[in-house]
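In the working numbering, the protein residues as written are 24 to 397.
No residue lacks a Cβ here, since even glycine has one placed at the ideal position from N, Cα and C.
If you're wondering where the values come from, they're calculated on a predicted model, not measured in any experiment.
Single-structure report; data block below.
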């Protein structure tokens with residue numbers, strides 16, 4: 024079948040993207056779903072810095088590629104062996120397919136699935152196949168999803184069935200922003216009531232982490248961002264201390280503005296200065312956790328003696344450090360009960376034809392969780 028899709032052929036275009044148009048909307052051919060695969064109709068696809076970092080070249084991917092990894096969709100057709108989904112079912116995409124059989128999967132850590140990571144690196148589905156092409160030229164899949172399109176074929180292992188009692192606009196948030204941010208707090212940090220936290224970077228992922236910290240009963244939550252507008256929203260969502268690094272001149276000022284060090288420092292911006300800020304805010308015996316994805320060449324220096332002498336922990340968190348099929352369902356339940364009000368994170372919407380303008384808005388730093396509505 025034919026479908027419209029957002030295709031990237033070259034990385035590193037200069038902004039504004041509304042003028043350079045690095046992402047082309049074009050008709051592509053989409054093959055039917057193979058065994059263990061599903062044809063879906065995309066309803067809403069979130070705009071995320073992970074997509075932007077492919078466009079600007081910070082995170083190289085195999086080209087040409089159809090972008091997009093956060094979405095909510097409706098099942099259209101199922102391939103051989105898919106017996107638990109039906110046409111019309113609502114699903115949320117997961118950007119790491121999990122085979123269920125490799126060592127990390129068997130340990131309950133599907134975010135680290137080895138075949139899933141290999142497929143994402145190669146630009147294929149979990150099966151190793153590509154279902155997108157223009158004539159004889161096959162196109163790469165973005166993290167097995169490629170949801171900036173009207174339709175997509177994905178592995179059954181790339182989607183989680185949800186109830187149809189929330190809108191697709193809301194549901195899309197749970198595929199990346201909420202899954203990643205809330206999971207870092209709930210699964211990786213395992214925060215408890217009375218703990219303290221600092222969240223550096225208040226995009227969709229960072230604000231989701233802040234909401235999860237509030238839901239976990241944190242007694243002090245420090246929100247850190249370069250945007251005063253986002254800081255005010257963070258205050259509405261439960262932050263007790265607001266900190267704009269532009270106004271900080273020393274480490275002592277940083278800690279004073281934060282009300283002291285915290286048990287958990289979260290870097291959600293994916294930049295070395297953000298990680299360093301989260302580390303400086305972390306208390307002796309505390310943990311600094313990063314979910315941001317910077318350029319692979321990014322490096323930082325740490326005082327090893329301090330890590331030993333203060334029993335510091337540094338942790339990464341990917342895909343929320345949990346089991347998406349379980350976590351997405353429970354996070355949606357928390358949202359519906361009012362304890363995780365992620366609808367406050369909804370930003371602007373764009374059409375597929377406006378996707379370059381959408382990435383300009385994302386790059387400006389003023390957006391929350393913008394989305395393409397199809």
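Verify whether the separation of the beta carbon atoms of residue i and residue j is less than 8 Å.
i	j	result
residue 394	residue 192	yes
residue 74	residue 318	no
residue 92	residue 183	no
residue 108	residue 51	no
residue 197	residue 63	no
residue 174	residue 24	yes
residue 176	residue 53	yes
residue 347	residue 117	yes
residue 357	residue 238	yes
residue 336	residue 307	no
Can you tell me whether residue i is buried or exposed? The criterion is at least 16 other CB atoms within 10 Å of its CB, across all chains shown.
i	result
residue 120	buried
residue 331	exposed
residue 360	exposed
residue 66	buried
residue 209	buried
residue 246	buried
residue 200	buried
residue 72	buried
residue 373	buried
Using CA coordinates, which residue listed in the options is at the minimum distance from residue i?
i	options	result
residue 104	296, 95, 178, 78	178
residue 32	372, 79, 335	79
residue 305	219, 231, 378	219
residue 102	180, 365, 188	180
residue 113	339, 94, 134	94
residue 252	270, 225, 238	225
residue 37	48, 56, 190, 76	76
I believe residue i touches residue j by the beta-carbon criterion, under 8 Å. Please report the beta-carbon distance rounded to the nearest angstrom.
i	j	result
residue 257	residue 249	Contact flag wrong, Cβ pair sits at about 13 Å.
residue 315	residue 286	Contact flag wrong, Cβ pair sits at about 20 Å.
residue 375	residue 392	Going by Cβ atoms, the distance from residue 375 to residue 392 rounds to 17 Å, so no, they are not a contact pair.
residue 228	residue 171	19 Å between Cβ atoms; not a contact.
residue 302	residue 288	6 Å
residue 194	residue 214	At roughly 25 Å, the Cβ-Cβ gap does not stay under 8 Å, so residue 194 and residue 214 are not in contact.
residue 233	residue 262	6 Å
residue 367	residue 384	Residue 367 to residue 384, Cβ: 18 Å. No contact.
Hey, is residue i's beta-carbon within less than 8 Å of any beta-carbon in chain B?
i	result
residue 215	The displayed structure is made up of one protein chain only, and chain B is not part of it.
Exercise for the section: Mind the definition here: the stretch 119-133 touches the stretch 149-167 only if three or more C-beta pairs lie below 8 Å; say whether that holds. Expected result: yes
Practice task
May I ask you to verify whether the stretch 366-384 touches the stretch 155-166, counting CB pairs closer than 8 Å and requiring at least 3?
Solution key: In short, these stretches do not touch, since the Cβ pair count stays below three.
Problem - Three CB pairs or more closer than 8 Å across the stretch 33-44 and the stretch 279-293 - result: no
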